[in-house]
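Working notes, beginning with the structure itself.
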């Protein structure tokens, strides 16, 4: 059985079911199973045209997205082998992997610019392609390349941080055996929605968050920003996701902080205590019903992997009525070896073995694995492959563990990092780190065996946290440890966070390197000891780079992978984290971190804004609106306006939803425009209404504007958070409603077209839909500014040819083109 059979079956049996969704800028992109197959088939044709034949390797370096998924399937349909690269990969690592894999083509996200020449040496002969340039590639069918179960699907490179990366070979049979075994252990179906937050360059996310949902035809939502995770869970009514323990810890902290801010921390703690004592999940869920409603009411399970899960954290999530299912596996095992499930669960364990693997515990405690999901070995590394397996063919995991009498697997630590105590006892750093992390003020810790002097290994703790009383913390932890586990020395990590892998594991080799440099009296570079500010942390999170790669002199838009969408996300992140508003137009094309910090300090504080309201687009509201427009709006229009409509031919065949942009002469403009629309567009239209007028000055009538005109608040003044209005517009478009906006921002006093607001271009480019210019004349004479009662008169509404803007269009250029189109009318 091959993986591509899953794709073909879904496209044939459930072609219209939504497979993938992701918010891109202010819009949500969705792809059905038919869309995914057609785009994948188009990519397969592209690869074939570029000379790739069965078995040729394809590099990809890009963040999670529907594009990534379509590329994966396209590579498989053409019989090629995908080589996913971590976004944290250095140019040197990319070169090493390109050379070792012998790849012929390199797909990358268009914002990724790791080097003026991304593959300066090993990349000769490799074609570099921007992943999002494949959007228009589609095909209805794809030739069968005769894929077999033992054919390679991908080469997944691991390690490589300090040495030569090694490529794990995974076949159709490996991955299919694992995903089917996961499905048998942890049932999910087509009614589930999966939120994907971990990188697809890791097989854990591929198996749990991609192939498994495809196997059962579930919907996958990709998180466009870490800050949006809770919102996405609620909006898409997510049921399942894969995460790492740090994510669970951060999310729990936010929940507790919210309770504290509401003055309910004591009540929350009492509920947690009660929830821990309740035996049934439905009762615990009922106890925390408000929290479950904030998560959309469907969220139930998190598959935890990548790092050890603290049992106290697991207990706390369990007390709130959620399933946290810790599992265990490695890239070499495709990856899951064992997992807890909703039906078989034991705290502190990594669950029971999957049906596709056999496990044995070697004499030294090492976990060894055998089965169809275990890799064939490392690509072009015969010696490494031989060393990774026992003589009788069992894979050596390098992890120490034990199985209890009920078949639950428990991990003790990495064989590599196990410390041999002075008395010959085995000391596992994870046990010591757990004791340290329970101490007040501790953010995290890293325990290593540090050979201070030849032959003498010290159990050394490196602590992470602000204003630590390190000596007291170590002493308190030692009181809870056995004598042979006692920590002998400690250091405080000088940065805001440890160096981490994409799965958030601490890179212990780098911590040891730093310790050795300290011990030898070597000066630590300024880059290594710089303080990571909140702004740097935000930039690192959005750009997906290490925080310590960013300094005050870093040019954000030239040295970091920022495209137009990430610029928008940066503005949103600054508003959320610093409470100030920055105009996108003021950022320019070159901006250092220090200069951005100055702009933030000088920027006006944003005001709280109204969010998007769902009720005006609900069925009952649409029904009332239709009746109201027939009985009230249409008669008022007939009584006041002698309406003439021109340019209707430009609306025939218009791909909706669309954004209409009109000049603004009178309060009657919306009425005239509405009645000029063809009925099929009129019944699905919304209006961007001035926040300060409709929702502040006339707020007592705002309900009627929402009900009869499907309005939503759109900020237009300096210091107001325009993002809220843009988000509402995007959501309106996503629900299939076209939108009318007056880009001048206010009624023209003279009657002449005023310069358009700078946000016009942003809307035109980022809303990814046709922009229809609309010229209105006559309303100023019927109801002049400042008058209350209209007088009947002629009014003309003229529609112009729709405009389209690509992602390469500048906001300034788009604004100029819209204004030119309006003047031409």
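In our numbering, the protein residues as written are 9 to 833.
No residue lacks a Cβ here, since even glycine has one placed at the ideal position from N, Cα and C.
This one's a predicted model, so the numbers in the text were calculated from it and none came from an experiment.
Distance, Cα to Cα, residue i vs residue j?
i	j	result
residue 595	residue 568	14 Å
residue 410	residue 364	19 Å
residue 447	residue 284	22 Å
residue 361	residue 339	16 Å
residue 449	residue 824	54 Å
residue 39	residue 819	27 Å
residue 650	residue 756	21 Å
residue 103	residue 341	26 Å
residue 349	residue 248	13 Å
residue 638	residue 647	13 Å
residue 469	residue 500	8 Å
residue 565	residue 585	20 Å
residue 32	residue 71	12 Å
residue 766	residue 81	40 Å
residue 11	residue 155	9 Å
residue 402	residue 345	13 Å
residue 236	residue 759	42 Å
residue 267	residue 298	11 Å
Can you give me the Cβ contacts of residue i inside the same chain, cut-off strictly under 7 Å, excluding the 5 residues immediately before and after it?
i	result
residue 356	319 and 418
residue 257	321
residue 489	440 and 443
residue 478	471, 498 and 500
residue 97	69
residue 14	222 and 223
residue 51	78, 79, 82, 142 and 145
In terms of alpha-carbon separation, which member of the options lies closest to residue i?
i	options	result
residue 232	28, 85, 160 and 662	28
residue 48	673, 680, 88 and 684	88
residue 415	366, 383, 421 and 23	366
residue 587	597, 603 and 610	610
residue 387	562, 90 and 109	109
residue 263	504, 323 and 328	328
residue 684	673, 653 and 644	653
residue 460	420, 524, 35 and 116	524
residue 251	543, 265, 312 and 496	312
residue 555	546, 20 and 351	546
residue 160	166, 184, 143 and 146	184
residue 741	60, 790 and 34	34
residue 676	777, 793 and 724	793
residue 437	644, 267 and 495	495
Within 7 Å: the Cβ of residue i and any heavy atom of the ligand ZN?
i	result
residue 562	In the structure on display, the ligand ZN does not appear, and there are no ligands present to speak of.
If you reduce the DSSP assignment to three classes, tell me which class residue i lands in.
i	result
residue 262	helix
residue 85	helix
residue 34	coil
residue 447	coil
residue 791	coil
residue 622	coil
residue 12	helix
residue 365	coil
residue 816	coil
residue 350	coil
residue 170	Note on residue 170: pLDDT 40, under 50, position unreliable in the model; the coordinate value appears next. In the structure shown, residue 170 sits in coil (DSSP, three-state: anything other than H, G, I, E or B).
residue 417	strand
residue 521	helix
residue 699	helix
residue 217	helix
residue 428	strand
residue 799	coil
Please go through the same chain and pick out, in chain order, the residues whose beta-carbon is closer than 6 Å to the beta-carbon of residue i, but skip the five residues on each side of it.
i	result
residue 62	87 and 153
residue 668	748, 780 and 782
residue 518	507
residue 221	202 and 228
residue 170	Because the pLDDT of residue 170 is 40, which lies under 50, any placement of that residue in the model is unreliable, and the number read from its coordinates should be weighed accordingly. Taken in chain order, the residues that qualify are 517.
residue 664	746
When you compare the CB of residue i with every CB in chain D, is at least one pair closer than 8 Å?
i	result
residue 14	Protein chain content of the structure displayed is limited to a single chain, and chain D is not contained in it.
Give every residue of the same chain whose Cβ lies closer than 8 Å to the Cβ of residue i, excluding the five residues on either side of it in the sequence, and list them in chain order.
i	result
residue 238	259, 262, 302 and 303
*For the region 55-68 and the region 191-200, state whether three or more C-beta atom pairs, one from each stretch, are separated by less than 8 Å.*
no
*Sufficient close CB pairs (3 or more, under 8 Å) joining the region 28-39 to the region 173-193*: no
*Is it true that the region 182-189 meets the region 372-387, where meeting means three or more beta-carbon pairs spaced less than 8 Å apart?*
yes
*If we count Cβ pairs, one from each stretch, closer than 8 Å, do we get three or more for the region 709-719 versus the region 619-637?*
yes
*Is the number of C-beta pairs between the region 678-697 and the region 803-821 that are closer than 8 Å three or more?*
Counting C-beta pairs closer than 8 Å gives three or more between the region 678-697 and the region 803-821, which meets the contact rule.
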